[in-house]
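Below is one structure, written out as structure tokens; the observations come after it.
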Amino acid sequence: MTPPAPGHGPLHLAAAVDLPGAFDAAPFTELARLAESGALDFVTLGDSFARHGPDALAVLARVAPDTGRVGLVPTVTTTHTEPFHVQAAVATLDWVSHGRAGWAVDVSATEADARLFGRRRVASREALWREAGEVADVARRLWDSWEDGAEIRDAATGRFVDRDKLHHVDFAGNTFSVRGPSLVPRPPQGHPVVVVDATDGHTRETAARHADVALVRAASPARADSVRAELHRRATELGRERGKLRVFAALLVDLGGGEHAAQPGHGGGPLPTADGPLYRGGPVDLAELIATWHGAGAVDGFHLTPVEPRRDLERLVNGTVALLQHRGLFRTFYPGTTLRDHLGLARPANRYAALAGGPT
């Protein structure tokens with residue numbers, strides 16, 4: 001493959017595989033395999049308490065054994081749910097996918113959702129996103145609560161774990177506390193990938209502090225670049241190392257009935273809509289838009305949500321992605337086996353092993 005242009009890293013691509021009304025795993029598997037055939041970094045599956053349909057994380061756990069490389073990123077809502085259970089479920093997805101799990105963090109801010117549980121009243125979005133950040137924080141601590149190699153599985157002595165390699169996290173947040181350790185051994189990736197939609201201002205602190213991938217719904221490269229710069233600045237101020245955060249432009253895409261020029265008004269970029277920036281045109285023009293934005297250094301990649309899932313994802317992979325690959329702008333094969341490998345993110349050291357001076 002041709003190396004990326006100087007000044008920025010390789011192009012990353014991801015796609016949504018939402019299928020409203022689908023209750024069987026087969027169509028989700030079909031779309032995930034299609035994305036995998038184009039070497040996309042990951043697929044996402046949305047979820048919320050107001051959405052009718054199967055649980056996104058459970059669906060992608062079912063998709064996992066029928067795919068081999070593409071990352072699997074379900075939405076998991078932190079509001080009204082137990083952080084201990086959230087982290088265990090995401091860690092389990094990482095195990096069953098052999099290191100391809102991510103987690104799109106979201107919150108629930110409506111009274112209707114709160115009434116479904118009857119445990120607490122709704123809070124402000126700012127407070128809910130602060131809580132979401134704490135959930136992401138304790139999740140990583142719990143993923144580290146088992147050191148690598150903590151499992152002994154010695155039948156002769158009857159020892160399953162080395163208790164010296166299990167750790168209490170003793171986390172106390174504003175709305176919950178967790179002692180730990182987790183019930184699930186440390187995931188294959190160490191930390192599954194955390195994804196946060198950082199479009200709105202009140203989500204940016206959480207994204208800058210905790211996200212591995214931040215999504216930005218932007219209708220122009222200038223807007224995307226501005227938010228990307230802000231996220232990187234905040235991340236640096238919070239003590240994060242440079243290069244630990246990927247920023248993707250999030251676009252709706254309508255690739256229509258065939259190859260044709262972008263609809264008037266879309267040729268220079270997406271148009272704002274109530275559901276987010278929308279690109280409407282052909283696969284070739286979309287490839288040009290992606291190449292231009294990434295080449296300018298505005299974003300690290302794109303998260304694309306097909307308006308018509310089957311039609312648009314097929315045209316995206318077989319048209320847009322194929323053209324980007326032909327031009328040497330996107331990979332033709334996966335560089336490794338885990339989602340962190342795809343994103344160029346190292347496997348994190350275990351904080352407790354490092355404190356103890358043990359192996360990481």
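Counting in the UniProt record's numbering, the sequence shown runs from 1 upward without gaps. For every residue, glycine included, the Cβ atom is placed at its ideal position computed from N, Cα and C. Being a predicted model, the structure only gives us computed values, none of them experimental.
Relative to the alpha-carbon of residue 344, which residue among 246, 308, 252 and 306 has its alpha-carbon at the smallest distance? For the purposes of this step, residue 344 is identified with residue 344 of the sequence shown, where counting begins at 1. Here the closest residue by C-alpha is 246.
Would you call the stretch 43 to 51 and the stretch 8 to 28 touching, i.e. three or more CB-CB distances under 8 Å? yes
Between the CA atoms of residue 277 and residue 223 - distance to the nearest angstrom: Taking the first residue of the sequence shown as 1, we reach residue 223 at position 223. Taking the first residue of the sequence shown as 1, we reach residue 277 at position 277. Looking at the two C-alpha atoms, the distance is approximately 12 Å.
Proximal residues to residue 320 (C-beta, below 6 Å), its chain only, five neighbours per side dropped: Position 320 of the sequence shown holds residue 320. For residue 320, where only same-chain residues beyond five positions count, the Cβ hits under 6 Å are 283, 286 and 287.
Quick check: what's the CA-CA separation for residue 69 versus residue 316? As a first step, residue 69 is located in the sequence shown; it is residue number 69 there, counting from the start. As a first step, residue 316 is located in the sequence shown; it is residue number 316 there, counting from the start. Answer to the nearest angstrom: the Cα atoms are 18 Å apart.
To which residues of the same chain is residue 406 closer than 7 Å at the C-beta, ignoring the five residues directly before and after it? Nothing can be reported for residue 406: it is not among the residues displayed for the chain, which extend from 1 to 360.
Only counting the same chain, and skipping five residues up and downstream in sequence, which positions put a Cβ closer than 7 Å to that of residue 230? Working through the sequence shown from its first residue, we reach residue 230 at position 230. Cβ neighbours of residue 230 beyond the five flanking positions: 204.
Cβ-Cβ distance between residue 79 and residue 132 below 9 Å: Within the sequence shown, the letter at position 79 stands for residue 79. Within the sequence shown, the letter at position 132 stands for residue 132. Going by C-beta atoms, residue 79 is nearer than 9 Å to residue 132.
In the DSSP assignment, the beta strand (DSSP E) including residue 95 goes from what residue to what residue? As a first step, residue 95 must be located in the sequence shown, where it is residue number 95. Element bounds for residue 95: not the beta strand (DSSP E) but the alpha helix (DSSP H), 83 to 96.
Just mark residue 265 as buried or exposed, buried being the case when its beta carbon has 16 or more other beta carbons within 10 Å. In the sequence shown, counting from the first residue as 1, residue 265 sits at position 265. Confidence at residue 265 is low in this model, with a pLDDT of 49, below 50, so the placement of that residue is unreliable and no value is reported for it.
Can you say whether residue 23 is buried or exposed, counting buried as having 16 or more other CB atoms within 10 angstroms of its CB? Counting from one through the sequence shown, the residue named residue 23 turns up at place 23. The residue in question, residue 23, is exposed, as its Cβ has fewer than 16 Cβ neighbours within 10 Å.
Between which two residues does the alpha helix (DSSP H) harbouring residue 284 extend? Here the question's residue 284 lines up with position 284 in the sequence shown. 283 to 295 is the span of the alpha helix (DSSP H), which, as asked, contains residue 284.
List, from N- to C-terminal side, the beta strand (DSSP E) runs of 3 residues or more that fit wholly inside the stretch 10 to 88. 12 to 16, 42 to 45 and 71 to 77
Leaving out five residues before and five after residue 309 in sequence, what residues of the same chain have Cβ atoms less than 6 Å from its Cβ? Position 309 of the sequence shown, counting from 1, holds the residue named residue 309. Excluding positions up to five away in sequence, the list reads 19.
Is it right to say residue 327 is buried, meaning 16 or more other beta carbons lie within 10 angstroms of its own, or is it exposed? To locate residue 327, count along the sequence shown from 1; it is residue 327. Burial call: exposed.
Would a C-beta distance cut-off of 9 Å place residue 212 and residue 351 closer than the cut-off? Stepping through the sequence shown from its first residue, residue 212 is reached at position 212. Stepping through the sequence shown from its first residue, residue 351 is reached at position 351. No, the pair does not count as a contact, with Cβ atoms beyond the cut-off.
Could you tell me if residue 77 is buried or exposed, where buried requires 16 or more neighbouring beta carbons within 10 angstroms of its beta carbon? By 1-based counting over the sequence shown, the position of residue 77 is 77. Answer is buried; the Cβ neighbour count reaches 16.
Report the residue ranges of all beta strand (DSSP E) runs contained in full by the stretch 121 to 149; include only those spanning at least 3 residues, in chain order. none
Minimum C-alpha distance to residue 173 - residue among 195, 141 and 311: Counting from 1 along the sequence shown, the entry for residue 173 is found at position 173. Of the candidates 195, 141 and 311, the one whose C-alpha sits nearest the C-alpha of residue 173 is 141.
Reducing DSSP to helix, strand and coil, say where residue 321 ends up. Reading the sequence shown from its first residue, position 321 is the one you call residue 321. In this structure, residue 321 counts as helix in the three-state DSSP scheme.
CA nearest to the CA of residue 255, picked from 225, 12, 280 and 274: Sequence index remark: in the sequence shown, residue 255 carries index 255 (1-based). Among 225, 12, 280 and 274, the Cα nearest to that of residue 255 is on 280.
With DSSP as the reference, please indicate the residues paired to residue 301 in a beta bridge. For the purposes of this step, residue 301 is taken as the residue at position 301 of the sequence shown. Bridge partners of residue 301: 12 and 248.
Cβ-based burial, residue 29 [other Cβ within 10 Å; buried from 16]: Indexing the sequence shown from 1 puts residue 29 at position 29. Answer is buried; the Cβ neighbour count reaches 16.
For residue 171, three-class secondary structure by DSSP: For the purposes of this step, residue 171 is taken as the residue at position 171 of the sequence shown. Correct three-state label for residue 171: strand.
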